[in-house]
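A.B. asks: Residue numbers for the sequence shown, in full-length UniProt numbering: 1 to 294.
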Amino acid sequence: MEQTPKNLHERNDHVLDIPNDGQLGSNVESRNSQEPVIQLTPSGGSSHGSFISSFCFWVYIRLVFNISQIVASVAVLAVSRNEKPQAPLSTWIVGYAAGCAACIPILFQHCFLPYPTLSRLLENFKWVLKAYFFVWFIVGNVWLFGGYSFSGASNLHRLCIMFLVFSYLEFTMPFILCVVLACCCGDFGLTRGAPSECIDSLPTYTFKLQKDGSGSIKKINSEVKGEAEAAGAEKDRAILGDDAVCCICLTSYADNDVLKELPCSHVFHKSCVDKWLKMKALCPLCKCTILLKK
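Dropping the structure here:
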């Protein structure tokens, strides 16, 4: 009895329907056409490329700067062959130019990274050059400012001064940057604006103008509107005529002007000092902060 395909599948679990080659290829093609194509791109490629370009630009700048110093040294030495200063300035210029020439391989140190031995030797050579320039900088100062006469050696003298200025900037620039960053970071906490609660908690006063140009301030009652004075309030405080000026807007106080007093006892127009304190929590006169005061 011939079995139908349906019964055959029911009785034998190991029977598989294998499509022919044409059906298999069409299934694979249809499945591949439905699956999304994923293209992998290196993350941060643009930033990495910009870093490489910036690094190469800096290397080229240093290379041009070093070659310019070497060319200037050769030119001045050739022009100033007849100059006879007491100090051996020509020797110092030759030593400085030799150091500039020795620094050129240091600029391309990244090219020696695949060679660990050469890279390590170049790193040690870099520290030797730094020590050499420091010693040569001291020697140049001694020869240039040691009381020697430079009459008739103007070209050598000017070139030595220029090279010493470059060396001074190179040695002191890291220290200057550290000092600037320390000052900025140390003052950062005081230059931020004060919160509104702190500004509103400062006492306010009304100004009363006197006939002699001076004035007095009276504390405003926070509970009663207008110019009513609460019982037991502070007495009027006199202000001299020269001090009756807001140093923020540079306007003299007028009668019934509303003023605000800071913890350092300096007084300003309320509207002026409120805007100032939102930007900087410092007194405009003495730079005393209001954030440390309760």
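Ideal placement from N, C-alpha and C gives every residue a C-beta, glycine not left out.
A quick note: this is a predicted structure, and the numbers were derived from the prediction, not measured.
CB-CB under 8 Å to L129, same chain, minus the five flanking residues each way: which ones, in chain order?
C.D. replies: Counting only Cβ-Cβ distances below 8 Å, and skipping sequence neighbours, we find G99, A102, C103 and I106.
A.B. asks: May I ask you to report which of helix, strand or coil DSSP gives E170?
C.D. replies: Three-state DSSP puts E170 in a helix.
A.B. asks: For S151, which residues from the same chain have a beta carbon less than 6 Å from its beta carbon, with the 5 sequence-adjacent residues on both sides left out?
C.D. replies: For S151, where only same-chain residues beyond five positions count, there are no Cβ hits under 6 Å.
A.B. asks: Run through DSSP, which three-state label would S119 get?
C.D. replies: Looking at S119 - three-state DSSP - the assignment turns out to be helix.
A.B. asks: Helix, strand or coil for K280, going by three-state DSSP, please let me know.
C.D. replies: The answer is coil: DSSP assigns K280 none of H, G, I, E or B.
A.B. asks: Compute the beta-carbon to beta-carbon distance between L164 and L144, rounded to the nearest angstrom, for a pair I have assumed lies under 8 Å.
C.D. replies: Sure, about 7 Å apart at Cβ, within 8 Å.
A.B. asks: What residue range is occupied by the uninterrupted alpha helix (DSSP H) comprising T91?
C.D. replies: From DSSP, the alpha helix (DSSP H) with T91 extends over L89 to L107.
A.B. asks: Since H269 sits in a beta bridge, which residues does DSSP pair it with?
C.D. replies: Bridge partners of H269: L259.
A.B. asks: To the nearest angstrom, report how far apart I62 and F108 are at their CA atoms.
C.D. replies: Just to set this straight, residue 62 is Arg in the shown sequence, not Ile. About 11 Å.
A.B. asks: Express the C-alpha separation of I199 and I138 in angstroms, rounding to a whole number.
C.D. replies: Answer to the nearest angstrom: the Cα atoms are 55 Å apart.
A.B. asks: Rounded to whole angstroms, what is the Cα-Cα separation between I70 and A97?
C.D. replies: If I take the Cα positions, the gap works out to 5 Å.
A.B. asks: Is K280 near T204, with beta carbons less than 7 Å apart?
C.D. replies: Their beta carbons are not under 7 Å apart, which means K280 does not touch T204 by this criterion.
A.B. asks: Report the three-state DSSP secondary structure of R62 (helix, strand or coil).
C.D. replies: Helix, per DSSP.
A.B. asks: Find the nearest neighbour of H269 within the set R120, I290, C288 and T251, judged by alpha-carbon distance.
C.D. replies: For the residues R120, I290, C288 and T251, the minimum Cα distance to H269 belongs to T251.
A.B. asks: Let's test the definition: count the other Cβ atoms within 10 Å of the Cβ of W58 and tell me whether it reaches 16, buried, or not, exposed.
C.D. replies: The residue in question, W58, is exposed, as its Cβ has fewer than 16 Cβ neighbours within 10 Å.
A.B. asks: Could you please give me the residues that DSSP links to L202 through a beta bridge?
C.D. replies: Answer is none; L202 lacks a bridge partner.
A.B. asks: Relative to the C-alpha of D255, which candidate in C286, A244, F207 and V273 has its C-alpha closest?
C.D. replies: Of the listed residues, the one whose Cα sits closest to D255 is F207.
A.B. asks: Work out the CA separation of H266 and C247 for me, nearest whole Å.
C.D. replies: Whole-angstrom Cα-Cα distance: 10 Å.
A.B. asks: Where does the unbroken beta strand (DSSP E) through I290 begin, and where does it stop?
C.D. replies: From DSSP, I290 is part of no beta strand (DSSP E); its letter is neither H nor E.
A.B. asks: Looking at C-alpha atoms only, which residue of I239, V64, Y148 and L277 is the closest neighbour of P88?
C.D. replies: For the residues I239, V64, Y148 and L277, the minimum Cα distance to P88 belongs to Y148.
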